[in-house]
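Numbering (mature numbering (1 follows the signal peptide of the UniProt record, and there is no 0)), first residue to last: -31 to -1, 1 to 706.
Where a beta carbon is used, it is the ideal one built from N, C-alpha and C, also for glycine.
On a predicted model such as this, the values are computed, not experimentally measured, just so you know.
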Amino acid sequence: MLKTRKKWISILLTLAMLVGLMVPLAAPALANGVSVNVNKVPSLDKDSTDTQALGSIQISEDADYPNDFVNGDTFIITLPSGVKWDKDATTVTGATYSYSGDYTMNLTISGATGSKDIITINPRVKFDGFDGGDIIAVINGMDASIPSGEYLVGRAQGGGTESIALSTKTIGEGSAVEAGMIRITETTQGSLKSSATDVKTASVGGTVYYTQKITLTLPNDFSWNSAKMTEKAGSNYANVTALGAFSNGNVVKVAVRDNDSKKLDVYINLYSPSKASTGRGIIEIRPFIDVDSDADYGNVDVDIEGDDIDDATVTIAQYADFGVSLTAGSTDVEEVVAGSKDVELTKLVIEENVAGSLTANRNIEIKLPAGVKVANKSNAVSKSLKKGSDIFGAISYKDESTIRIPVTGTSTSKAKLEIKFDHMNIAADKTGDIEVEVTGSAGVEGKVVIGKALAPLSFEVPQAASLKLGVKDQAVGNIVLTEAKDGALKDDKDLILSAPDGVTFASTPKVEVLEGNLKIKDEDVKLQKDDKELVIPIDSESSRVSKIKVSGIALNVDRTVPVGPVSLTVKGDAVAETYKDYMPAGEADYGFSTETAGKILVGNVVTPAPTETTRNASFVIGTTTYTVNGVEATMDVAAYTKDGRTYLPVRFVANALGITPENILWDGRTATFIGNGRVVQAAPGSAVLSINGAPITMDVPTELVNGRVMVPFRWVAQAFGAQVNYDEATQTVTMTL
């Protein structure tokens, strides 16, 4: 209990010490709640000797601390060298003030009331040798509660004007054609002025004005449209307006010269806005011009000059011939997989060079290339106006390959239309550029590539096998199929490899995924249609490009097959979902008549009939891969050695020797090989080899391993007259027959 009481006493003492420390630290932050603000940063003319206004400085108490201002406290404001106080024009409220020389103002707080007070300084200055740039007022708070600091109150540069075109429009031949807006801005307040001594006079309606004259000159074969440029909106000019520190009343006369219509004169009365005005003035001219047929194509430049105007040239338009451009919406066009439906292609952009280029009440037709059709959807193709006049009617379809867009009127602002191909069907055999042709009677034609079709699969075969007519179970090389893009093979659909007429598969090959995350239904891989087709069901499509290997392929070739290449056709709804027989009911017209997505060359029929030819085979110990006449194939059991002899499965020994499957017999006890006029027999567990009934004793027996008859290759091969060699370095057995 005593320990607990001591602990609490210690905590309370610590808190008391902390409170004692906190109070003195907080006092200064609470004592001074005064802020200094500058209402604006005007641009001034450093070359003028007239009085000009800087931004007003406002020094304010915080409402929560209304006693920070103390009457009699003093502070100082100093301007930079070359910026002198105009002592007669400057005003101050909330304080009395005096000057020390030309650059320093001394202020004494005199209006403190005990509530929130504000001191306002309205500086008026004259320049005397100031180099230009930022004008910084330095406040020294002295002993008053005024925060010391540097404050930006203005910027000074040489007086003058800046002229720009707010836009550059593309225009064509015509009358009262609108070009880009011209803006003339004072670089400093009061850059433009009028007085009885420094500017000319102009008489308007019998009234004489002291004015500035601004002259705007067009190139040859362009002229100002007098009716539009002198048009009035009430008492003001409609297309020449005054903004900023000016008002429309400053514009007193606008005239196109009678003897030179390239020149437009704008008179502005600025006697009232003096150098001490509160901001910079702006004059905006909205140009309407007449374009002659002889005018040169290219930039339309306006030369601007005047009394106090800085000479300038601005580009208000690009003069172009009437016409329409066709472009793809992207330089990288969409790549789509052939045989796919409901795919998106790159946008087509139709844009007028000049307003009015497209002919009203005519049609634009977009023809899709062979192998591309719209899908059976109402929004297969859509349009979007990107800028200009909307002169386009609803999309319709002449047929599955032709889109029609009516032009319903003449544009007043050049139109830009974007065509989106959101739902398109691609034929299985379509590869390469997808180029649309634009025609019709509306005044636009051309061709644009909006996509590229990729064959769904690429194929790798080591070498085309040499095939004989009338021979069964002839091995061909392994095939590797690679997707063009992830998802090229479609979910829950079949990939089919189809043999040509006269050729069938001798057995079901092995199919496996080598790379990627494609899934196939291994247990459902099968042969169909009298062994002419290998069916590979796709379980789920890939999200990474995948590869499929088909190995252990053996073909039966009958005598009807012509001499020449033998190719497997790639088809099935996994690669040809737009084949018309695979399309949904009622949508056959939106599909195509071809199912073929490619052909794989696997062999060549090299002889018109079976003949005796040299046969070469090689096997590598410990692997399942072997070659026959240069064609790589795969065994289901690897070769092995025992007691110095190489053992191989019966079937692959026969294939190496060129013996057809029907000439390999197994009665459960004895393997029999029939070929080249010989009958050779071997029995598991026996070292006796029978050749045409004559027993030959081998140095090793035939074996039965995991249900497979394994024969000593050298003894069986030599029984048929073959030469056998073994390379110890590579552990390769070779045979020549």
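With 16 other Cβ atoms within 10 Å as the buried cut-off, status of residue i
i	result
residue 6	exposed
residue 498	exposed
residue 616	buried
residue 620	buried
residue 208	buried
residue 21	buried
residue 624	buried
residue 28	buried
residue 665	exposed
residue 699	exposed
residue 702	buried
residue 111	exposed
residue 459	buried
residue 683	buried
residue 202	exposed
residue 300	exposed
residue 158	buried
residue 313	exposed
residue 443	buried
residue 611	exposed
Residue of the options minimising C-alpha distance to residue i
i	options	result
residue 451	436, 469, 100 and 430	430
residue 62	34, 91 and 585	91
residue 107	52, 158 and 159	52
residue 50	74, 315 and 97	97
residue 347	338, 325, 333 and 311	311
residue 250	220, 228, 270 and 265	220
residue 95	233, 56 and 117	56
residue 222	529, 191, 180 and 605	180
residue 58	77, 88, 35 and 19	19
residue 326	151, 376, 64 and 520	376
residue 525	550, 437 and 142	437
residue 237	381, 285 and 206	206
residue 331	374, 308 and 475	374
residue 508	442, 494, 488 and 697	488
residue 84	118, 36, 565 and 569	36
Beta-carbon proximity check, residue i vs residue j, cutoff 8 Å
i	j	result
residue 420	residue 303	yes
residue 2	residue 11	no
residue 125	residue 102	yes
residue 445	residue 505	no
residue 160	residue 123	no
residue 463	residue 543	yes
residue 88	residue 40	no
residue 26	residue 120	yes
residue 473	residue 500	yes
residue 231	residue 192	yes
residue 536	residue 575	no
residue 627	residue 706	yes
DSSP three-state assignment for residue i, whether helix, strand or coil
i	result
residue 630	helix
residue 294	strand
residue 91	strand
residue 390	strand
residue -5	For residue -5, the predicted structure reports a pLDDT of 28, less than 50, and the residue's modelled location is therefore unreliable. A value from the coordinates is still provided. Looking at residue -5 - three-state DSSP - the assignment turns out to be helix.
residue 558	helix
residue 197	helix
residue 266	coil
residue 52	strand
residue 308	coil
residue 215	coil
residue 277	coil
residue 588	strand
residue 361	strand
residue 493	helix
residue 549	helix
Residue i: CB within 7 Å of a non-hydrogen atom of the ligand FMN
i	result
residue 98	Here there are no bound small molecules, and the ligand FMN is not part of this structure.
Segment contact, 8 Å Cβ cut-off, at least three pairs: the region 503 to 517 with the region 482 to 491: yes
Check whether the region 390 to 398 touches the region 267 to 285, counting contact only when three or more Cβ pairs, one atom from each stretch, lie closer than 8 Å. no
Segment contact, 8 Å Cβ cut-off, at least three pairs: the region 353 to 360 with the region 402 to 411: No contact exists between the region 353 to 360 and the region 402 to 411.
Is there contact between the region 249 to 258 and the region 196 to 210, where contact requires at least three CB pairs shorter than 8 Å? yes
Okay, do the region 334 to 344 and the region 366 to 385 touch, 3+ Cβ pairs below 8 Å being the bar? Yes: the two stretches touch, three or more of their Cβ pairs being nearer than 8 Å.
Three CB pairs or more closer than 8 Å across the region 686 to 695 and the region 637 to 650: yes
Touch test, the region 289 to 297 against the region 145 to 158, Cβ-Cβ under 8 Å, three pairs minimum: no
May I ask you to verify whether the region 648 to 662 touches the region 670 to 682, counting CB pairs closer than 8 Å and requiring at least 3? yes
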